[in-house]
Amino acid sequence: MAEQDIALMAHLMRRAGFGANRDEIEAKATQGYDSVVKELLNPESQEAVEEDLLIRYNPSYFEAAAIENNVQQWVWRMINSPRQLQEKVALFWHMIFCAGHSKIDSGQEMGLMVNIFRQQGMGKFDEILLALSTNPGMMYYLDNTESHKANLNENYGRELLELFSLGVGMDTDFNYSEDDVKACARAFTGWNIAPPYPPFPHGRSPWEFRFDPADHDTSEKTFLGETGNWNGDDIIRIACEQPATARFLARHLYNYFVADEPQVPAWRLTPPRDQSAIEAMEKAYWESDHSIKAMLEVLFTSDFFKDEAVWYQKVKNPTEMVVSLLRMTGEFRGYQPGLFEASQEPKYMGMDLMNPPTVEGWHTGREWIDSGTLVERINFASDLLGNTELEGVRSLVNRLMARGDKLSPEQFVNGCLDLTGPVVLFPDTMSQLISHATQEGELSHGTDAEKTDFTRRCGEMFQMIAATAEFQFE
Amino acid sequence: MVQTKKDPVLAVLSLSGGNDGLNCIIPRNNGFYRDSRPTLAVPEDQIIPINDEIGFHPTMGPLKKYWDEGKLAIFVGIGYPTPSYSHFRSMDIWHTCEPEIIGTEGWLGRATKQLDANSENVLTAVNFGRGLPRALVMDGVPVASVGNLETYGLLTGIEGENQRNDALDVFGRMYAPAIGTGAVMDYIHQTGTDALKGADILSTAPDKYTSSVEYSNTAIGQYMKNIAQTHLAEFGTRVLYTTSPYNGFDSHANQAQANAGLLTDVSNTVDTFMTDLREHDASDNVTLLLFSEFGRRVIDNGSGTDHGAAGVAFAVGEHIKGGVYGTYPSLEPSKQEEGGNLKFNLDFRSVYSTILEDWFQLDAEPIVGGNFERVKFFA
Numbered sequence: 002m003a004e005q006d007i008a009l010m011a012h013l014m015r016r017a018g019f020g021a022n023r024d025e026i027e028a029k030a031t032q033g034y035d036s037v038v039k040e041l042l043n044p045e046s047q048e049a050v051e052e053d054l055l056i057r058y059n060p061s062y063f064e065a066a067a068i069e070n071n072v073q074q075w076v077w078r079m080i081n082s083p084r085q086l087q088e089k090v091a092l093f094w095h096m097i098f099c100a101g102h103s104k105i106d107s108g109q110e111m112g113l114m115v116n117i118f119r120q121q122g123m124g125k126f127d128e129i130l131l132a133l134s135t136n137p138g139m140m141y142y143l144d145n146t147e148s149h150k151a152n153l154n155e156n157y158g159r160e161l162l163e164l165f166s167l168g169v170g171m172d173t174d175f176n177y178s179e180d181d182v183k184a185c186a187r188a189f190t191g192w193n194i195a196p197p198y199p200p201f202p203h204g205r206s207p208w209e210f211r212f213d214p215a216d217h218d219t220s221e222k223t224f225l226g227e228t229g230n231w232n233g234d235d236i237i238r239i240a241c242e243q244p245a246t247a248r249f250l251a252r253h254l255y256n257y258f259v260a261d262e263p264q265v266p267a268w269r270l271t272p273p274r275d276q277s278a279i280e281a282m283e284k285a286y287w288e289s290d291h292s293i294k295a296m297l298e299v300l301f302t303s304d305f306f307k308d309e310a311v312w313y314q315k316v317k318n319p320t321e322m323v324v325s326l327l328r329m330t331g332e333f334r335g336y337q338p339g340l341f342e343a344s345q346e347p348k349y350m351g352m353d354l355m356n357p358p359t360v361e362g363w364h365t366g367r368e369w370i371d372s373g374t375l376v377e378r379i380n381f382a383s384d385l386l387g388n389t390e391l392e393g394v395r396s397l398v399n400r401l402m403a404r405g406d407k408l409s410p411e412q413f414v415n416g417c418l419d420l421t422g423p424v425v426l427f428p429d430t431m432s433q434l435i436s437h438a439t440q441e442g443e444l445s446h447g448t449d450a451e452k453t454d455f456t457r458r459c460g461e462m463f464q465m466i467a468a469t470a471e472f473q474f475e
Numbered sequence: 215m216v217q218t219k220k221d222p223v224l225a226v227l228s229l230s231g232g233n234d235g236l237n238c239i240i241p242r243n244n245g246f247y248r249d250s251r252p253t254l255a256v257p258e259d260q261i262i263p264i265n266d267e268i269g270f271h272p273t274m275g276p277l278k279k280y281w282d283e284g285k286l287a288i289f290v291g292i293g294y295p296t297p298s299y300s301h302f303r304s305m306d307i308w309h310t311c312e313p314e315i316i317g318t319e320g321w322l323g324r325a326t327k328q329l330d331a332n333s334e335n336v337l338t339a340v341n342f343g344r345g346l347p348r349a350l351v352m353d354g355v356p357v358a359s360v361g362n363l364e365t366y367g368l369l370t371g372i373e374g375e376n377q378r379n380d381a382l383d384v385f386g387r388m389y390a391p392a393i394g395t396g397a398v399m400d401y402i403h404q405t406g407t408d409a410l411k412g413a414d415i416l417s418t419a420p421d422k423y424t425s426s427v428e429y430s431n432t433a434i435g436q437y438m439k440n441i442a443q444t445h446l447a448e449f450g451t452r453v454l455y456t457t458s459p460y461n462g463f464d465s466h467a468n469q470a471q472a473n474a475g476l477l478t479d480v481s482n483t484v485d486t487f488m489t490d491l492r493e494h495d496a497s498d499n500v501t502l503l504l505f506s507e508f509g510r511r512v513i514d515n516g517s518g519t520d521h522g523a524a525g526v527a528f529a530v531g532e533h534i535k536g537g538v539y540g541t542y543p544s545l546e547p548s549k550q551e552e553g554g555n556l557k558f559n560l561d562f563r564s565v566y567s568t569i570l571e572d573w574f575q576l577d578a579e580p581i582v583g584g585n586f587e588r589v590k591f592f593a
């Protein structure tokens with residue numbers, strides 16, 4: 002099998018999923034790129050998570066109120082779900098449609114919201130927005146529950162336009178006016194939840210969406226130039242017909258799946274990194290009647306995605322860092338105890354899942370890295386990848402041994418890099434690793450003592466690879 | 215303004231989960247207290263009196279010593295308007311000083327930025343625990359976050375001292391400034407170099423440390439020991455922060471026993487910490503602040519208490535002017551916060567402002583987001 006096919010498949014699995022172990026990557030490369038993309042885009046063609054078994058092994062996940070159980074269950078799915086793109090897309094929307102536990106204070110509501118992203122995330126954008134706008138957690142988080150015919154609260158109306166659909170502006174122009182914000186908020190009056198109170202101090206009870214016609218502003222509204230007695234679903238329809246919405250989605254998809262872009266507030270003034278890529282996805286949006294899946298299909302099958310120039314052009318977010326390493330090393334496949342601690346790791350690295358810092362979400366790219374989070378990332382990655390007791394790491398060592406009875410330091414370093422990614426290093430980093438490996442000379446594994454030494458050196462080399470600046474990217 | 219021999223240092227112990235103020239600083243002669251706490255009221259003869267009205271929980275004897283010395287400030291009725299009953303939200307409010315909007319910067323991150331404007335010392339602020347509390351978050355402010363000081367560092371999984379030292383040498387060279395690798399890579403190299411530097415310095419602290427005191431073998435005890443070790447190593451650290459085990463004070467059930475254990479641990483640890491610093495003649499420039507995100511419901515639920523509003527906080531130190539600050543909130547049902555909780559009368563931002571101005575000599579207003587009345591609790 003061509004090395005290039007394996008490298009491309011590894012790239013696809015890092016982006017369209019949470020990475021994979023070497024055996025899976027090779028099997029998928031044999032299966033063929035287009036066929037794998039097709040499977041990813043059609044999750045129903047892949048095995049589903051066995052929900053009954055999941056709950057049987059983890060009773061604490063069942064209708065769990067505690068946030069930790071909901072986060073843990075999600076991390077489990079990211080590791081184990083054969084429908085990898087579905088989980089990746091759920092995280093994509095969670096990072097855009099930000100609502101957080103710090104205010105909602107119900108892990109169950111957060112779990113339900115993420116499940117919408119999982120089930121509907123590749124569907125028609127209008128339907129995704131409708132599901133979002135009728136999600137009790139979101140209505141509460143953005144104060145639509147406090148927005149009344151007689152006393153308007155603009156929070157949801159504004160964020161729907163600014164962060165969830167059109168974006169502030171494109172090609173230097175602004176996409177909407179303050180009057181549009183007001184009209185939008187007025188159209189969503191009466192979109193409320195029941196029971197109305199927050200879970201404390203009266204105790205928790207599950208929420209459901211409730212439209213209150215008596216509290217809905219039925220007067221005429223002009224929204225983005227169209228006048229009528231608009232309700233929330235009209236607003237969604239009009240918003241989804243805007244070129245700005247297609248642009249905003251295309252840029253978000255590019256930023257998440259292809260390469261890091263500047264932070265979202267800069268997009269009005271900063272042109273896309275790859276204009277033609279954005280246009281290709283916009284075209285798919287229009288031709289498919291607003292299908293996210295159609296945009297993703299263009300993305301994953303295009304040259305701009307396969308191009309080596311965009312490989313490793315994204316700083317891994319903490320969830321990607323943690324889950325991809327667990328998948329690579331074979332940890333928590335199936336129903337193993339102990340996932341709680343691992344599921345908290347993204348939080349230690351600055352990404353508290355289901356609890357984004359604000360409605361604007363996490364700042365991504367280089368902003369994932371600071372001196373505290375870098376230490377967490379490096380130590381987590383190197384502890385895991387350097388642990389030659391783990392089945393997944395053991396199998397990498399065996400593969401290296403199978404590459405020859407004797408390995409030169411260069412062959413050894415290149416082999417380690419190939420099997421853990423493949424990871425591509427800058428020449429300076431590469432020469433440091435080779436000179437380190439050269440100190441202990443050639444590797445062989447004929448005797449038991451040599452085997453032990455070979456294994457130890459693999460573990461150390463994996464740790465150093467995991468510690469490189471290059472390893473922070475995917 | 216307080217004069218210290220060395221640069222002033224703030225240590226913070228956050229009591230996570232909502233410490234029950236009513237059973238910590240107890241309104242000992244109050245009939246409403248006994249009526250409201252059929253299960254949990256502490257018998258009057260066990261309470262350690264502070265004055266005619268209030269007293270310490272029986273387990274807090276070690277803190278009483280600092281009260282008698284005039285080195286303990288007790289803040290009662292502390293909170294903020296429109297209380298949130300969510301742990302996460304309320305803790306965020308205490309961290310960011312933003313009760314209305316969701317803030318992203320922490321008050322101590324902002325303070326650190328002012329204490330070390332050019333980020334000259336990578337250890338100006340150090341957190342003990344996993345993950346950075348939002349109080350310390352601020353763009354461009356490097357903060358080390360230490361899970362365990364004894365083992366803190368990079369590549370700690372490599373066994374054998376020589377192997378690890380070799381690996382760290384390689385790491386140092388791999389993260390040296392590189393040419394032509396791009397802005398993001400440059401930034402990560404710089405950050406890696408800072409982190410390695412911070413870890414190198416911090417890892418020397420335990421070896422430098424000797425003491426006759428013994429900290430309790432609990433998370434609170436060990437993290438406070440790490441704080442003492444770091445302070446005594448004189449790295450120029452000005453802000454030292456730690457959090458008790460997550461939501462440990464969330465005493466919905468079996469509160470009597472659980473809280474006695476927690477308060478014993480906290481009181482003993484504060485005493486050990488102060489004794490340790492005094493033994494090393496290093497207590498003059500340290501103020502220790504203890505707070506929790508909220509107090510608890512006035513009426514007990516038969517086994518514990520539910521989330522409440524106003525609570526208590528403490529400051530200990532050589533330059534503290536001992537006393538009770540704020541007014542003990544009324545327990546009369548008609549004077550309670552909606553939902554059966556104590557009403558606050560002392561804004562936590564007043565306490566922060568006083569620390570920032572009188573202790574750190576910083577301008578408090580931009581850090582806490584407003585002008586709050588100062589509480590004169592420094593001598």
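Taken in order, these protein sequences are the chains called S and A.
According to the numbering used here, the first sequence is numbered sequentially starting from 2.
According to the numbering used here, the second sequence is numbered sequentially starting from 215.
Ideal placement from N, C-alpha and C gives every residue a C-beta, glycine not left out.
Predicted model only: the values in this text are computed from it and were never measured.
What residue from the options has the CA that sits closest to residue i's CA?
{"i": "A/D249", "options": "A/K590, A/Q469, A/L545 and A/T483", "result": "A/L545"}
{"i": "A/H521", "options": "A/A467, A/S481, A/D498 and A/T407", "result": "A/A467"}
{"i": "A/Q443", "options": "A/Y566, A/N341, A/N559 and A/E552", "result": "A/N341"}
{"i": "S/E368", "options": "S/A403, S/Q440, S/P263 and S/L434", "result": "S/P263"}
{"i": "S/T421", "options": "S/L444, S/A467, S/E377 and S/P410", "result": "S/A467"}
{"i": "A/V500", "options": "A/P222, A/F562 and A/V216", "result": "A/P222"}
{"i": "A/H403", "options": "S/T430, S/S445 and S/E451", "result": "S/T430"}
{"i": "S/H291", "options": "S/Q464, S/M79, S/F463 and S/G122", "result": "S/G122"}
{"i": "S/T302", "options": "S/Q5, S/V360 and S/L13", "result": "S/L13"}
Can you tell me where the beta strand (DSSP E) holding residue i begins and where it ends?
{"i": "A/Y539", "result": "G537 to Y539"}
{"i": "S/E179", "result": "Premise fails: S/E179 lies in the alpha helix (DSSP H), E179 to A188, not in any beta strand (DSSP E)."}
{"i": "S/V37", "result": "Counting along the chain, S/V37 falls outside any beta strand (DSSP E), though it belongs to the alpha helix (DSSP H) covering Y34 to L42."}
{"i": "S/I194", "result": "W192 to A195"}
{"i": "A/A455", "result": "Reading off the sequence, residue 455 of chain A comes out as Tyr, not Ala. From DSSP, the beta strand (DSSP E) with A/Y455 extends over V453 to T457."}
{"i": "A/S228", "result": "V223 to L229"}
{"i": "A/V360", "result": "A358 to V360"}
Starting from residue i, follow the alpha helix (DSSP H) in both directions and report where the run begins and ends.
{"i": "A/V565", "result": "F562 to T568"}
{"i": "A/P420", "result": "A419 to K422"}
{"i": "A/P391", "result": "Here A/P391 belongs to no alpha helix (DSSP H), and DSSP marks it neither H nor E."}
{"i": "S/S432", "result": "P428 to Q440"}
{"i": "S/G158", "result": "N156 to E163"}
{"i": "A/T483", "result": "Q469 to E493"}
{"i": "A/I307", "result": "H301 to T310"}
Across which residues does DSSP place residue i in a beta bridge pair?
{"i": "A/R510", "result": "A/H521"}
{"i": "A/P241", "result": "A/I268"}
{"i": "S/W474", "result": "Strictly speaking, residue 474 of chain S in this sequence is Phe, with Trp absent from that position. Paired residues: S/V316."}
Under 8 Å: do the segment 227 to 243 of chain A and the segment 498 to 518 of chain A share three or more Cβ pairs, one atom per stretch? yes
The segment 64 to 71 of chain S in contact with the segment 331 to 338 of chain S per 3-pair CB rule at 8 Å: no
Do the segment 408 to 426 of chain A and the segment 232 to 251 of chain A make contact, defined as three or more Cβ pairs closer than 8 Å? no
Using 8 Å as the threshold, is the segment 377 to 391 of chain A in touch with the segment 317 to 337 of chain A, meaning 3 or more CB pairs across them? no
The segment 426 to 440 of chain S: positions lying closer than 8 Å to chain A by Cβ: F427, D429, T430, Q433, L434, H437 and Q440
Which residues, taken in chain order from the segment 348 to 377 of chain A, show a beta carbon closer than 7 Å to some beta carbon of chain S? P356, V357, A358, S359, L368, L369, T370, G371, I372 and Q377
Name the residues in the segment 446 to 468 of chain S whose C-beta lies less than 7 Å from a C-beta of chain A; which are they? E461, Q464, M465 and A468
Taking beta-carbon pairs under 9 Å, can you tell me which members of the segment 348 to 363 of chain S lie near chain A? K348, Y349, M350, G351, D353, N356, P358, T359, V360 and E361
Tell me whether the segment 148 to 157 of chain S and the segment 214 to 223 of chain S touch, counting them as touching only if at least three CB pairs, one residue from each stretch, are closer than 8 Å. yes
Mind checking the segment 386 to 398 of chain A against chain S and listing, in chain order, the residues whose C-beta falls within less than 9 Å of any C-beta there? R387, M388, Y389, A390, A392, I393, G394, T395, A397 and V398
Scan the segment 75 to 106 of chain S for residues whose Cβ lies nearer than 7 Å to a Cβ of chain A and list them as they occur along the chain. H102, S103, K104 and D106
If you measure beta-carbon to beta-carbon, which residues of the segment 373 to 396 of chain S are closer than 9 Å to chain A? G373, T374, L375, V376, E377, I379, N380, S383, D384, L385, G387 and N388
Segment contact, 8 Å Cβ cut-off, at least three pairs: the segment 529 to 547 of chain A with the segment 276 to 292 of chain A: yes
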